[in-house]
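Numbering (my numbering), first residue to last: 18 to 238. Ideal placement from N, C-alpha and C gives every residue a C-beta, glycine not left out.
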Amino acid sequence: MKKRGLIISFEGIDGCGKTTQAKLFYSRLKKRGMQVVLLNEPGGTYAGDKIRKILLDKKSEISPLCELFLYLASRAQLVGEMIRPCVKNGTTVILDRYVDSTIAYQGWGRGLPVPLIEHVHRAFASDVMPDITFLIDDTAENLLGVLDKKERDRIEGESVGFHEKVRNGYLRIAKRHRRRVKVIKRKTPGGTQAEIIKEWEIFINEFEGKQRVSRKNKKTG
Ligand code: TYD
18 MKKRGLIISF
28 EGIDGCGKTT
38 QAKLFYSRLK
48 KRGMQVVLLN
58 EPGGTYAGDK
68 IRKILLDKKS
78 EISPLCELFL
88 YLASRAQLVG
98 EMIRPCVKNG
108 TTVILDRYVD
118 STIAYQGWGR
128 GLPVPLIEHV
138 HRAFASDVMP
148 DITFLIDDTA
158 ENLLGVLDKK
168 ERDRIEGESV
178 GFHEKVRNGY
188 LRIAKRHRRR
198 VKVIKRKTPG
208 GTQAEIIKEW
218 EIFINEFEGK
228 QRVSRKNKKT
238 G
């Protein structure tokens, strides 16, 4: 049987530097000979890129529910077109934002019911949940200063208060999923990367160890 690819997600509030970290991590795995892809949400497919435009356009006056279902629509397409096929063929998928973004932003940020979001997500993606998540954490006050005021998109343009709610939402998720979500305190890009690699080495050693045991048991069993 072909080995399943892993799913690794990068999360955090706007400005935390997770896109830089996801790219660095992708290059590192690729250099080590791993079959790996890097995907960014929302978007990543033809339809998803169109949905992304609506979501980030400052002129879009959309309700929280409409926003939620657009993020989920973009993701459902990405799961079917890219994530599931990659994972099945043994490719590791690195995601710059995934399910926890929706729970943190639309759930804790906008105040929509978290169980509803989890329920819909389970309906189309229960077989492709992240194996490990790096949550890059800092306060909204520190991070929003990093973003250029004029260039901010619809979500980035929200208040510090909104982003602080999102951050607390992320921290709740991390508490609930302690094994999967690794909270990485934001430092310099190099310092943050070193922390991520440290957590990754622990995870991958444990994961490969478990796989060796299960192969051995199958042979002897
Ligand atoms: P993007 O330009 O990709 O920003 P970033 O580099 O911070 O990921 O824009 C994505 C924006 O969409 C970001 O502000 C977070 C928001 N978002 C949600 O609100 N819910 C979601 O489910 C996802 C995936 C993103």
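Residue i, DSSP secondary structure in three states
i, result
"Asp144", "coil"
"Glu135", "helix"
"Lys76", "coil"
"Ile120", "helix"
"Lys20", "coil"
"Leu130", "For clarity, residue 130 is Pro in the given sequence; the question names Leu instead. It is coil, neither helix nor strand."
"Glu246", "With the chain represented from 18 up to 238, any question about residue 246 goes unanswered, as that position is not in the structure."
First through last residue of the beta strand (DSSP E) which encompasses residue i
i, result
"Asp155", "That residue, Asp155, is in no beta strand (DSSP E); it is neither H nor E in DSSP."
"Leu164", "Taken as a continuous stretch (DSSP letters only), Leu164 belongs to no beta strand (DSSP E), as it is neither H nor E."
"Thr109", "Thr109 to Asp113"
"Ile201", "Val198 to Lys202"
Cβ distance (whole Å) where residue i is taken to contact residue j below 8 angstroms
i, j, result
"Ala39", "Asp113", "4 angstroms"
"Arg69", "Ser91", "6 angstroms"
"Gly97", "Arg21", "No, Gly97 and Arg21 are not in contact; Cβ-Cβ is about 17 angstroms, not under 8 angstroms."
Cα-Cα separation, residue i to residue j
i, j, result
"Ile201", "Ile25", "14 angstroms"
"Gly29", "Val230", "34 angstroms"
"Pro59", "Ile79", "16 angstroms"
"Arg171", "Asn234", "52 angstroms"
"Thr119", "Tyr88", "7 angstroms"
"Val198", "Phe27", "10 angstroms"
"Leu41", "Gln210", "8 angstroms"
"Val116", "Arg101", "15 angstroms"
"Val104", "Pro206", "29 angstroms"
"Trp125", "Lys182", "6 angstroms"
"Arg83", "Arg232", "Correcting the residue identity first, residue 83 is Cys in this sequence and not Arg. Near 46 angstroms, if we compare the C-alpha coordinates of Arg232 and Cys83."
Which residues DSSP lists as bridging residue i, in chain order
i, result
"Leu55", "Ile111"
"Glu28", "Leu152"
Span of the alpha helix (DSSP H) around residue i
i, result
"Leu177", "Note that residue 177 is Val in the sequence shown, not Leu. Per DSSP, Val177 belongs to the alpha helix (DSSP H) from Val177 to Arg193."
"Thr37", "Lys35 to Lys48"
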